[in-house]
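Structure record follows, encoded as structure tokens.
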Amino acid sequence: MIRRDALLLGLSAAFALSVPAWALDRALTPEEQQLITDIGAHNSAIRSMVGRFLQIDTNGGRTEGTFFLERPDKIAFRYAPPSREEIVSIGRGFYVLNRRDETYYAYPQDSIPLRQFLGDEVDLLNANVVEVTNSGGYMAITVIDETIAGTVQVSLIFDTDSKELAQWSLVEPSGAELTFSLYDVEKDVEIPRAFFSIPANYKPLEQ
């Protein structure tokens, strides 16, 4: 079974607009501030992207699929067979679609997950950052936040040369971990509008 709840929880914690309850225990260096600013500017300039993802859970379970992103406010994760699940955001929240049963779950849209990364401008300096590390050609920006399920920690890992998101990992309130890596990414491509929609024949399910 796909860890859809963990993925959505992590995305919500990483990018929801909320008042910080934690903070870095040190000041960012001017070089770190500039790199984070450059990362935000670079990603803001990318209007769309497609690629593949690899999701690994605490027990080593591996799930693959494809993703589609279009700014502002659209993203879709389509899991590879045998899964028939798909996660779609059309700007105000997430829907989990089951392509086999032709049903979907609608998640609450109040916090608007991924707004900081999917909006016109990516501004990570104003996210709830608690740790920043820069090593081996990658910068890890760790955020921590309170969700309905409890405290979640998410580390966003960017390539310092390309300035692009390569991976994120999250620690759930239970202590379980999930890692989500991106590869074979193509930028500024045209994505069919149907990829960010819910088929009219799909039926909603209760949570």
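Counted from 1, the sequence shown has number 31 at position 31 by my numbering; the numbering is strictly sequential.
Virtual Cβ for every residue (Gly too), placed ideally from N, Cα, C.
As a beta-bridge residue in DSSP terms, Y95 pairs with V88 and A106.
With respect to the C-alpha of P72, the residue from G61, R84, V96 and I46 having the closest C-alpha is I46. When the beta-carbon positions are compared, I198 and V129 stay at least 8 Å from each other. Residue burial is scored here from C-beta neighbours: Y183 has fewer than 16 other C-beta atoms within 10 angstroms and is therefore classed as exposed. Taking one beta carbon from each stretch, the segment 42 to 57 and the segment 182 to 196 have 3 or more pairs nearer than 8 Å; the two touch.
Using a 10 angstroms sphere on the CB of N43, the tally of other CB atoms reaches 16 or more, which defines it as buried. Straight-line spacing of the CA atoms in E32 and R84 works out to 41 Å.
Per DSSP, the unbroken alpha helix (DSSP H) holding I36 starts and ends at P30 to A45. Judged by DSSP secondary structure, L54 falls within the beta strand (DSSP E) whose first and last residues are S48 to D57.
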